[in-house]
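S.K.: Okay, handing you the structure first.
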Amino acid sequence: MAPMQTQTLDLMASACQETRDLHLSNIGKSKDVQTLNQNITEAILRAAQVSIPKGCHSKYKPFWNDKIQESIEASNAREDARKRLENDPTPENKTAYNRTSAQVKRTVKTAKQHKWANSCAELDLSKGGTKAWTLLNNLSGQNRRTNPKPMISDGETITEHQKKAEPTGQAVYFLPFTNDNTWKRGVIATRHENDRSYDIDCSGKTFTRNRRHINPAFGEPPKACSNEAISIDDESTLPAPTQQEPRHHQSDLRKSSKSQAELPSSPPKEVSPNLALPTPSHYTQNANTPYKTRSGRVVRKPNKYTE
Numbered sequence: 142m143a144p145m146q147t148q149t150l151d152l153m154a155s156a157c158q159e160t161r162d163l164h165l166s167n168i169g170k171s172k173d174v175q176t177l178n179q180n181i182t183e184a185i186l187r188a189a190q191v192s193i194p195k196g197c198h199s200k201y202k203p204f205w206n207d208k209i210q211e212s213i214e215a216s217n218a219r220e221d222a223r224k225r226l227e228n229d230p231t232p233e234n235k236t237a238y239n240r241t242s243a244q245v246k247r248t249v250k251t252a253k254q255h256k257w258a259n260s261c262a263e264l265d266l267s268k269g270g271t272k273a274w275t276l277l278n279n280l281s282g283q284n285r286r287t288n289p290k291p292m293i294s295d296g297e298t299i300t301e302h303q304k305k306a307e308p309t310g311q312a313v314y315f316l317p318f319t320n321d322n323t324w325k326r327g328v329i330a331t332r333h334e335n336d337r338s339y340d341i342d343c344s345g346k347t348f349t350r351n352r353r354h355i356n357p358a359f360g361e362p363p364k365a366c367s368n369e370a371i372s373i374d375d376e377s378t379l380p381a382p383t384q385q386e387p388r389h390h391q392s393d394l395r396k397s398s399k400s401q402a403e404l405p406s407s408p409p410k411e412v413s414p415n416l417a418l419p420t421p422s423h424y425t426q427n428a429n430t431p432y433k434t435r436s437g438r439v440v441r442k443p444n445k446y447t448e
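First residue of the sequence shown? That's 142 in the working numbering, and the numbers climb one at a time after it.
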């Protein structure tokens, strides 16, 4: 089957446009919302039925032309020669098959050369820089997609997803997001009953991923992030707040000095040692030490902000 060509795609697009305009021209005659919705839906479906190709189509090849198609259609003699060669492998049948195959290969090679020469001649960086850079990226293989390579552990090639992440607590590499190819290191926290998805701890966060998003991490496993709840009543686990001197504006200092000069002097009152001091909202703490917020929740700073 011949590959899909640009000319064929243009014909399908024009057919879709004509079908859509034909059915949309009668839509404005009705004022009912349901009728308008139904008419628009029918117009889109009919245009899609006319324009969208059906069946299996080969990959698009830019160098394909009518001459190649005619050469292949006329090369039924090549199939006949191949069948004769399989049934009767004589030197004459071998020569006939090679001759017919060489004709098709020479036609395809010539079409590729002409297409490449025309593409290079049409490049103009002053007008179509995007086309030139796209061609360069395709030639360099920058946008080429590759399948994940199998991993080797102790001389054994690991290709099964079941062996990539088996026990709970195993260190693994996983993809946090499906649209991101950056692998991160984590620890399997929970294995679901269906044996296809796992909860993975990474830097204080939990990700749920399938087996195909997981690869085993060899070496020392990373330190698992503890997700245990901390009791708010246990004040011993909280760091002691440090006292900070209050900050005064210069105008406040002047006002306070005037008020102290006008008021009679009185002996300072002693502060009771049992009086609880107000807890400041900001204090120094270690990276992995939990602390209590103003709302009363006990939180822990993620490890990724401390590295």
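For glycine and all other residues, C-beta sits at the position ideal for the given N, C-alpha and C.
(1) PRO230 by DSSP, collapsed to three states: which one?
(2) May I have the straight-line CA-CA distance separating TRP112 from ALA258, to the nearest angstrom?
(3) What residues are listed by DSSP as bridge partners for PHE348?
(4) Specify, as a first and last residue, the run of the beta strand (DSSP E) that THR271 falls within.
(5) Could you spell out the range, first to last residue, of the beta strand (DSSP E) harbouring ILE329?
(6) Could you spell out where the beta strand (DSSP E) holding ILE193 opens and where it closes?
(7) Determine which residues share a DSSP beta bridge with ILE355 and list them.
(8) With distances taken from CA atoms, which of GLU297, ARG441 and LYS195 is nearest SER344?
(9) Would you call LEU418 buried or exposed, if buried means 16 or more other Cβ atoms sit within 10 Å of its Cβ?
(10) Within 10 angstroms of its Cβ, does HIS354 collect 16 or more other Cβ (buried), or is it exposed?
(11) What does LYS433 pair with, by DSSP beta-bridge criteria?
(12) Would you report the Cα separation of LYS194 and PRO203, rounded to the nearest angstrom?
(13) May I have the straight-line CA-CA distance separating ARG352 from TYR339, to the nearest angstrom?
(14) Going by C-alpha distance, which of THR248, ARG247 and LYS224 is nearest ALA237?
(15) Using alpha carbons as the reference points, say which of PHE348, ASN288 and ARG286 lies closest to PHE315.
(16) Could you give the distance in angstroms between the alpha-carbon of GLU296 and the alpha-carbon of GLY269?
(17) Identify, in the order they occur along the chain, each residue of the same chain with its Cβ nearer than 6 Å to the Cβ of CYS366, setting aside the five sequence neighbours on each side.
(18) Hey, ARG326 and ALA312 are a contact pair by Cβ (cut 8 Å); roughly how many whole angstroms apart?
(19) For GLU220, does the three-state DSSP call read helix, strand or coil?
(20) Within 10 angstroms of the Cβ of ASN356, are there 16 or more other Cβ atoms? Answer buried if so, exposed if not.
(21) So, for LYS253: in the same chain, excluding its five sequence neighbours on each side, which residues have a beta-carbon less than 8 Å away from its beta-carbon?
(22) Counting C-beta neighbours from all protein chains within 10 Å, is the total for ARG285 16 or more, i.e. buried, or is it exposed?
(23) Where LYS272 and HIS255 are concerned, what is the direct C-alpha to C-alpha distance, given to the nearest angstrom?
M.R.: To lay it out plainly:
(1) By 1-based counting over the sequence shown, the position of residue 230 is 89. Secondary structure at PRO230: coil, using DSSP grouped into helix, strand and coil.
(2) No answer is possible for residue 112: it lies beyond the span of the chain, which begins at 142 and ends at 448.
(3) Within the sequence shown, residue 348 is the residue found at index 207, counting from 1. Under the DSSP definition of a beta bridge, PHE348 partners with ILE341.
(4) Start at 1 with the first residue of the sequence shown, and residue 271 comes out as number 130. No beta strand (DSSP E) holds THR271; the alpha helix (DSSP H) holding it covers 270-281.
(5) The residue given as residue 329 occupies position 188 in the sequence shown. Annotation for ILE329: the continuous beta strand (DSSP E) segment containing it runs 325-332.
(6) Working through the sequence shown from its first residue, we reach residue 193 at position 52. Per DSSP, ILE193 belongs to no beta strand (DSSP E) and is neither H nor E.
(7) Counted from its first residue, the sequence shown places residue 355 at position 214. Bridge partners of ILE355: PHE315.
(8) Within the sequence shown, numbered from 1, the residue matching residue 344 stands at position 203. Among GLU297, ARG441 and LYS195, the Cα nearest to that of SER344 belongs to ARG441.
(9) Numbered from its first residue, the sequence shown carries residue 418 at position 277. Low confidence applies to LEU418: its pLDDT is 42, below 50, so where it sits in the model is not reliable, and the reading given next is rough at best. Sixteen is the threshold: since fewer than 16 other Cβ atoms of the shown chains lie within 10 Å of the Cβ of LEU418, the residue is exposed.
(10) Here residue 354 corresponds to residue number 213 of the sequence shown, with the count starting at 1. Counting other Cβ atoms within 10 Å of its Cβ, HIS354 reaches 16 or more and is therefore classed as buried.
(11) Here the question's residue 433 lines up with position 292 in the sequence shown. LYS433 pairs with VAL439.
(12) Position 53 of the sequence shown, counted from the start, is the residue given in the question as residue 194. Position 62 of the sequence shown, counted from the start, is the residue given in the question as residue 203. It should be noted that the sequence gives Pro, not Lys, for residue 194. C-alpha separation (whole angstroms): 18 Å.
(13) Numbered from its first residue, the sequence shown carries residue 352 at position 211. Numbered from its first residue, the sequence shown carries residue 339 at position 198. So the alpha carbons of these two residues sit roughly 8 Å apart.
(14) Looking up residue 237 in the sequence shown gives position 96. For ALA237, the nearest C-alpha among the options comes from LYS224.
(15) On the sequence shown, position 174 is the one that residue 315 refers to. Out of PHE348, ASN288 and ARG286, PHE348 has the C-alpha closest to the C-alpha of PHE315.
(16) Mapped onto the sequence shown, residue 296 falls at position 155. Mapped onto the sequence shown, residue 269 falls at position 128. According to the sequence displayed, residue 296 carries Gly and not Glu. GLY296 and GLY269 have their C-alpha atoms roughly 51 Å apart.
(17) For the purposes of this step, residue 366 is identified with residue 225 of the sequence shown, where counting begins at 1. Its pLDDT being 40, under 50, CYS366 is placed unreliably by the model, and the measurement read from it follows with that caveat. Same-chain partners within the cutoff: ASP342 and GLY345.
(18) In the sequence shown, residue 326 corresponds to position 185, counting from 1. In the sequence shown, residue 312 corresponds to position 171, counting from 1. About 7 Å separates the beta carbons of ARG326 and ALA312, which is inside the 8 Å limit, making them a contact pair.
(19) The residue given as residue 220 occupies position 79 in the sequence shown. Three-state result, GLU220: helix.
(20) To locate residue 356, count along the sequence shown from 1; it is residue 215. When all chains shown are included, ASN356 counts as buried.
(21) For this step, residue 253 is matched to residue 112 along the sequence shown. Scanning its chain for C-beta atoms nearer than 8 Å, with the 5 sequence neighbours on each side dropped, one finds around LYS253 the residues PHE204, in chain order.
(22) What you label residue 285 is simply residue 144 of the sequence shown in a count that begins at 1. Under this definition ARG285 is an exposed residue.
(23) Here the question's residue 272 lines up with position 131 in the sequence shown. Here the question's residue 255 lines up with position 114 in the sequence shown. Those two C-alpha atoms are separated by around 18 Å.
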